[in-house]
Structures are given as structure tokens and as C-alpha cells.
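Reading through the C-alpha cells given below for one structure.
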Amino acid sequence: MKALVHQGPRQVTVEQVPDARIGVVGIFLPQNEGGPTELARKGRLPFDFGDFWFKGQRVGTGQANVKAYNRRLRDLIHHDRAEPSFLVSHELPLDDAPEAYRNFDDRLSGWTKVILKP
Numbered sequence: 001m002k003a004l005v006h007q008g009p010r011q012v013t014v015e016q017v018p019d020a021r022i023g024v025v026g027i028f029l030p031q032n033e034g035g036p037t038e039l040a041r042k043g044r045l046p047f048d049f050g051d052f053w054f055k056g057q058r059v060g061t062g063q064a065n066v067k068a069y070n071r072r073l074r075d076l077i078h079h080d081r082a083e084p085s086f087l088v089s090h091e092l093p094l095d096d097a098p099e100a101y102r103n104f105d106d107r108l109s110g111w112t113k114v115i116l117k118p
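First residue of the sequence shown? That's 1 in the working numbering, and the numbers climb one at a time after it.
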């Protein structure tokens, strides 16, 4: 199986990997009114289960186990050993929240994480 291998920020390669697994990352939307297809609008995707089954593939999904990492990450940030600010694309006043949500929901380029300040 070919797999995407993340080597760092914006560094992804495709490699032949034995016994690779499929990991689904990102945000799950139970429905997406702006989806490009009827299935996407219903939060579904076309999936060839037979092909998946015959190849013996495995898929993993789920929410991140935040509680397993948040204290360690907090400590790394506190001791200047981690810098999470590169994730933040916008810092806006709270009054701009409706526009920020709209831009994020419309998936405008460059809108990744937004900090809203009161």
C-alpha cells in the first residue's frame, strides 16, 4: 500500500509501506450544507467496501485523546520548548466572531485557527 508520510510541516511524501493503515484526520461534519456533492451534504462519502475488504485494509478514526497530552503540552509551552502559535492564522476581536466563523466554515484559504479576544 502507498501511504502519505508526514516528515514535518508542509512536508509530505508518498511511499510504499508494508502493512499500512488508513488514518482519518480532521474534522467530522455530520452534514455539510456547502458540500460539493449530495453525499457530502449528508456527511457521507462513496466507499467501495468490497475492495476495502478484499485488500484487508484497516482504517482508524476518532477524536484526539486530548487528556493524554494537554498537561505535557502545557508544560512544554510554559518552558519555551514548544511554540504552537504557528497554528494560529488570525487573532480578531470578539465582535468579528460571526465573520470569522463564516470564513472558517466557507473554508477560505488561510483560515486555520482563530483566536477571538474579548
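We put the beta carbon where it would ideally sit given N, CA and C, even for glycine. What you are looking at is a predicted structure, and each value in this text was computed from that prediction instead of being measured.
Inter-residue Cα distance where the pair is residue i and residue j
i: S85; j: G34; result: 29 Å
i: P64; j: L45; result: Note on residue identity: the sequence assigns Ala, not Pro, to residue 64. So the two alpha carbons sit approximately 22 Å from each other.
i: P36; j: G56; result: 30 Å
i: T61; j: A82; result: 26 Å
i: H79; j: D106; result: 36 Å
i: W53; j: D19; result: 14 Å
i: E91; j: F47; result: 38 Å
Beta-ladder partner(s) of residue i, from DSSP
i: H78; result: In DSSP, H78 forms no bridge with anything.
i: V66; result: For V66, which the question treats as bridged, DSSP gives no partner whatsoever.
Candidates the options: closest to residue i by CA position
i: V88; options: T112, D51, L45; result: T112
Assumed close pair residue i, residue j - CB separation to whole angstroms, cut-off 8 Å
i: V59; j: V24; result: 6 Å
i: N32; j: R41; result: 6 Å
i: P93; j: K117; result: 6 Å
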